[in-house]
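Protein chains in written order, with the numbering used here: chain A, 1082 to 1595; chain B, 1082 to 1595.
By construction, the Cβ of each residue, glycine as well, lies at the ideal position given by its N, Cα and C atoms.
Note that the coordinates shown come from a computational prediction; the quantities given were computed from them, not determined experimentally.
Below you'll find the structure, written out as structure tokens, and then a few comments.
Protein chains: 2
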Amino acid sequence: MAIFSTTYTFRFRLLSPFVAFLALLVASNCNDGVRRRSTPTRSALRGLWKNLGLSRNNSSCVQYDVKYFTQNLDHFSFTPESYLKFQQKYLINSKHWGGASTNSPIFVYTGNEGYIEWFTQNTGFMFDIAPKFKALLVFIEHRYYGESMPFGGIDVAYSNSSTQGFLSSTQALADFAILITDLKKNLSAENSPVVVFGGSYGGMLAAWFRLKYPHITIGALASSAPILYFDCITPPESFHNVVSQDFKSESENCFKVIKESWKILHKMASTHRGKTYLRRAFKLCRLGDFDNLEDWLYSAYYEAAETDYPTPANFIQNLPAYPVKHMCKAIDDPSASRNILDRLYGAANIFYNYTGNLSCFDLGGSDPHGEEGWQFQASTEMVMPMDDDPIKSMFIAYNVSYENDEKRCESQYGTKRRPHWITTEYGGHNIKRVLKRFASNIIFFNGLRDPWSSGGVLEDINESVLAIVAEKGAHHVDLRFATKDDPQWLRDVRSREISIIEKWLSEYYSNLPL
Amino acid sequence: MAIFSTTYTFRFRLLSPFVAFLALLVASNCNDGVRRRSTPTRSALRGLWKNLGLSRNNSSCVQYDVKYFTQNLDHFSFTPESYLKFQQKYLINSKHWGGASTNSPIFVYTGNEGYIEWFTQNTGFMFDIAPKFKALLVFIEHRYYGESMPFGGIDVAYSNSSTQGFLSSTQALADFAILITDLKKNLSAENSPVVVFGGSYGGMLAAWFRLKYPHITIGALASSAPILYFDCITPPESFHNVVSQDFKSESENCFKVIKESWKILHKMASTHRGKTYLRRAFKLCRLGDFDNLEDWLYSAYYEAAETDYPTPANFIQNLPAYPVKHMCKAIDDPSASRNILDRLYGAANIFYNYTGNLSCFDLGGSDPHGEEGWQFQASTEMVMPMDDDPIKSMFIAYNVSYENDEKRCESQYGTKRRPHWITTEYGGHNIKRVLKRFASNIIFFNGLRDPWSSGGVLEDINESVLAIVAEKGAHHVDLRFATKDDPQWLRDVRSREISIIEKWLSEYYSNLPL
């Protein structure tokens, strides 16, 4: 999940549109239904998978049909504008579905901030378990992302808050509710139980969907869903503390070098000569990129912590297993230059250029996952304050200020943030007390290497609202495709998730006569 | 609760603004805080209470302070318009509150379609039990009713769907959530448990509030809340069947006379002479009132059924105990004229003129309870279809057609109804199966004399989502002030409600350390 800061777009700047292009290619090859895209050859695909660092066989290929559903712009009001329509994209895979006649289940991914294909490819768990459950798979794109764009397209939709203002989590949940209800009706599958899955913001949506729409879903797997990172339930410095601890856990020196680097970067940035040096040291394509250098490095650190997966993966970037370890190795390398900037460059080069294809870094790059709308969400309701602990944070001189963000929101969108809205609408304070006697059937997975875990639910709430915590886990690692190299703890996490979902289904079927 | 038809305003036409005026007088006398209104003498009040058919002593007088809270127009979107403000009125009584230091409870009435004073005066149960629970009482007015009017007033707010479109149940629930959260913070009463109460539409809101905002309320008493009268979960003819059965239970003849009267009324309406006769027979003030005669009679029947209370009451009209029995007596009276129209007049005269003050009926009257906005709600989301069973209904020739309503909605407001929205947003289908393992702490009270009970929850769902059903009860009779003449069954209902609420509170306090 992106966090709100000027760093936001940096994660994409070097990958250029390649990942987005790749995503479409992979998806298209496996489609077996409507609205097929042009298809690359199978050998080309194998090469792409290889580049992605994934090892897939054909049987678990990401396959789906692409469909569209007509939604109202606004579900909660009845103004003339509320009746404006847009097309919401969803992907569907019925290969293993047992069908409506057997009330076989429907597994729905509650899409988050980006192209739905991106999340679909990174939620292999659903494909992996579909045969066992004879489940229909549905991946719904979040409004205002990807193709699910109101007002005819992004240019108008994102042009100002009069059009973009209908981008909100509550509208998105209602979209899901309406689409799922209609889909079940069309499939004559009214009695098929729905389980929702989501990771990161999608995980929050999955959990909130179970809380708000229990009549539509029987349970939710909310993976790495920081539903407590609002309204200061979680101390604002927690996110940076986890990132910092990840790096510190690899080496004390790594942590120290990064922590001290900000002062050096500031100092060098104060002279023209220093800037020229920095440009060369970090192989920036343009001198203008310099202004974004600190944000670019910050993103590399926190996103490496998020995606510190035990196997190679290409979620945000194409990375080796345990990227934080690799980055710290570059910083600590005894054979490397003694110059601290060269060492930072080495770490950044691992994060942004693990394949070694780039000769220089373009910090004014693109948004291959289509996440731009998150800026608006962070400027309105998704207010997750960040701060730094002077001892524990390695970002202490890199300042993210609530006040600065607030000003930026107002100047960029003309919106005023509603920092208490998420907890008012969905809860969060005293969650154990509140949900102990209320909710049921939610799994909160968190990996403690993931900085977002600091805002996650880390303890069981009652006998069916359960926390699964993996000490070595990263951001929704459980949702990734299983690989032969997965460590045992990850296999155990997934086994437990599967057995919990089995229990939900079994209880549902036993209650079906009601 | 009003139902959507052209009959809507008829319940008010004869009472003129007297009830509204009276309501304000009564409220004002008991205020002991801010924004006091001019105060009538105590002897004048005694007279007013007597006219209302109520016997009240000073200790249970309806007392409150009037306050206002600033709300955003739209909670679910972030357009510039969403930030427009309006003042939401609420009434508060802290006379018996144990205070924040003891975490004493807060009882909140979730206001429905009308002036909040109207519901406050008809929810004496909350005043009756406040001392026992040391509870703070809060009655929140629903947006777009009473004084809680966006856009500076009703003239603009109701002028078209661009302004009125923000009148919706979801926005209202969010208003409640925000107001309660803010109020608790201001009172430093964050740990005081909130129990919500509501009758009719307010009862639906109370139940939905517990379902959607369990982090804000620990339980809901949803009285006469027809949450299943949507999307054909309840057969559309059910409402009229109950009204008809109420009249039939008094006498078979009463039912038959009413059932046959529609044909006679139609026939007479086809000639000028017939119209003149009807005007005279029903003592209509103006010949023009004739066009509304059928609706006026229809309203008298169904509203008498709704308010078939065991003691005199003035909720919709000033009525004796068991008004349906009185109306049937008028129809069956062996000493009355043999003319069927005279007998219908006798019944209508009981409903609309029990005090005998009116010399003629003005069918173009006013809206003393401020319910006009319900028309818009029924034209958008509150779609509760009505139909007639040819055998069981006494309204068989009085036709309420979904298609006609649909056309009227579109022509009046330019809105298209969303008949599946309520069940999509709040559920309702298979409610037992859905809520069995999910919800907790809701009481659904229904009186089977009340036609709305047909859309109520009449069976326990789990050990804490409970149905209390009173065979002889009418529309939210349990919420009314206790009187010395209350039958035992009504005392038992209230005792049970009190003991259930006690249990919720006790559980809450035992979980407070969590």
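Would you mind sorting B:Asn-1373 into buried or exposed? The rule is 16 or more other CB atoms within 10 Å of its CB.
-> Under the 10 Å beta carbon count, B:Asn-1373 is surrounded by 16 or more other beta carbons and is classified as buried.
I'd like to know if the segment 1304-1312 of chain B and the segment 1388-1395 of chain B are in contact, where contact means that at least 3 CB-CB pairs between them fall below 8 Å. No, the segment 1304-1312 of chain B does not touch the segment 1388-1395 of chain B.
Measuring alpha carbon to alpha carbon, tell me which residue in B:Ser-1576, B:Ser-1535, B:Ile-1542 and B:Asp-1531 is nearest B:His-1557. Cα-wise, what sits closest to B:His-1557 is B:Asp-1531.
Margin query: With a threshold of 9 Å between beta-carbons, can B:Tyr-1382 be considered close to chain C, or not?
Written below: Checking the listed chains, one finds no chain C in this structure; the protein chains it contains are A and B.
- Item | Nearest to B:Thr-1298 (by Cα), restricted to the options B:Trp-1585, B:Pro-1594 and B:Ser-1591 | Taking B:Thr-1298 as reference, the option from B:Trp-1585, B:Pro-1594 and B:Ser-1591 with the minimal CA-CA separation is B:Trp-1585.
- Check whether the Cβ atoms of A:Tyr-1171 and A:Asn-1153 lie closer than 9 Å to each other. No, they are not a contact pair.
Self-check item: A:Glu-1162 classed as buried or exposed, judged by whether at least 16 other C-beta atoms fall within 10 angstroms
Solution: Answer is buried; the Cβ neighbour count reaches 16.
Have a look at A:Ser-1119 and A:Ala-1385 and give me their C-alpha separation to the nearest angstrom.
A caution first: A:Ser-1119 carries a pLDDT of 28, below 50, which makes its placement in the model too unreliable to give a value.
Outcome for B:His-1347 when other beta-carbon atoms lying within 10 angstroms are tallied against a minimum of 16: Counting the other Cβ atoms within 10 Å of the Cβ of B:His-1347 gives fewer than 16, which makes it exposed.
A:Ala-1253 versus A:Met-1230: straight-line alpha-carbon distance, rounded:
Rounded to the nearest whole angstrom, the C-alpha separation of A:Ala-1253 and A:Met-1230 is 12 Å.
Practice item. For A:Lys-1356, collect the residues of the same chain with a Cβ closer than 8 Å to its Cβ; drop the 5 residues on either side in sequence, then sort them by chain order. Key: Excluding the 5 residues flanking it on each side, A:Lys-1356 has same chain C-beta neighbours closer than 8 Å at Met-1349, Ala-1350, Leu-1368 and Phe-1371, in chain order.
**Q.** Inter-residue spacing [alpha-carbon to alpha-carbon] between A:Arg-1559 and B:Phe-1526
**A.** In the sequence as displayed, the identity of residue 1559 of chain A is Asp instead of Arg. Pairing A:Asp-1559 with B:Phe-1526, the inter-Cα distance amounts to about 45 Å.
Would a C-beta distance cut-off of 9 Å place A:Leu-1378 and A:Tyr-1435 closer than the cut-off? Taking the C-beta atoms as reference points, A:Tyr-1435 is found no nearer than 9 Å to A:Leu-1378.
| Opening and closing residue of the alpha helix (DSSP H) in which A:Ser-1163 lies | Careful: A:Ser-1163 lies outside any alpha helix (DSSP H) and carries neither H nor E.
- Item | As assigned by DSSP and simplified to three states, the class of A:Leu-1595 | Secondary structure at A:Leu-1595: coil, using DSSP grouped into helix, strand and coil.
Any beta carbon of chain B sitting closer than 9 Å to that of A:Asn-1511?
Using a CB distance cut-off of 9 Å, A:Asn-1511 counts as an interface residue toward chain B.
Could you tell me if A:Asn-1438 is buried or exposed, where buried requires 16 or more neighbouring beta carbons within 10 angstroms of its beta carbon? By the neighbour-count rule (16 or more Cβ atoms within 10 Å), A:Asn-1438 is not buried but exposed.
query: Can the beta-carbon of A:Tyr-1507 be found less than 9 Å from the beta-carbon of A:Ser-1460?
result: Contact: no.
Could you give the DSSP three-state label for B:Asp-1146: helix, strand or coil?
-> Strand.
Any C-beta of chain B under 9 Å from that of A:Lys-1213: Chain B, which has no Cβ nearer than 9 Å to the Cβ of A:Lys-1213, makes this no.
- Message: In whole angstroms, give me the CA-to-CA distance for A:Leu-1468 and A:Ser-1185.
- Response: The sequence shown places Asp at residue 1468 of chain A, not Leu. Note on geometry: alpha-carbon atoms of A:Asp-1468 and A:Ser-1185 lie some 46 Å from one another.
Taking C-beta pairs closer than 7 Å, name the residues in chain A that B:Asp-1055 reaches, listed in chain order.
Residue 1055 of chain B lies beyond the range of chain B shown here (1082 to 1595); nothing can be said about it.
**Prompt:** Alpha carbon to alpha carbon, how far is A:Asn-1592 from B:Arg-1518?
**Reply:** Rounded to the nearest angstrom, the two C-alpha atoms are 10 Å apart.
Check your understanding: What is the DSSP secondary structure of B:Leu-1248, reduced to helix, strand or coil?
Key -> In the structure shown, the three-state DSSP call for B:Leu-1248 is coil.
- Item | Touching by the beta-carbon criterion (3+ pairs, under 8 Å), the segment 1402-1414 of chain B and the segment 1327-1344 of chain B | Enough Cβ pairs lie closer than 8 Å, so yes.
The beta strand (DSSP E) spanning B:Asn-1527 covers which residue range? Start and end: 1523-1528.
Query - Contacting positions in the segment 1175-1207 of chain B - beta carbon closer than 9 Å to chain A - result: Per Cβ criterion, the list is empty.
So, helix, strand or coil for A:Lys-1170, using DSSP?
A:Lys-1170 sits in a strand when the DSSP states are folded into three classes.
May I ask you to list the residues that DSSP assigns as paired with A:Ala-1428? Answer is none; A:Ala-1428 lacks a bridge partner.
* To do: Verify whether the separation of the beta carbon atoms of A:Val-1538 and A:Gly-1554 is less than 9 Å.
  => No.
* Asked: Which value, in whole angstroms, describes the spacing of the CA atoms of B:Gln-1245 and B:Tyr-1239?
  -> In this structure, the alpha-carbon of B:Gln-1245 lies about 5 Å from that of B:Tyr-1239.
If we define contact as Cβ-Cβ less than 9 Å, is A:Val-1147 a contact residue for chain B?
Not a single CB atom of chain B sits nearer than 9 Å to the CB of A:Val-1147.
### Query
What does a CB cutoff of less than 7 Å around A:Leu-1595 pick up in its chain, not counting 5 residues either side in sequence?
Excluding residues within five positions, none has a Cβ falling inside 7 Å.
Margin query: Closer than 8 Å is the cut-off here; do at least three beta carbon pairs connect the segment 1186-1201 of chain A with the segment 1210-1227 of chain A?
Written below: A contact exists between the segment 1186-1201 of chain A and the segment 1210-1227 of chain A.
Three-state secondary structure assigned by DSSP to A:Val-1546: Residue state, collapsed to three classes: strand.
Under the three-state DSSP convention, the category A:Gln-1398 falls into
Here A:Gln-1398 carries a coil assignment [DSSP, helix/strand/coil].
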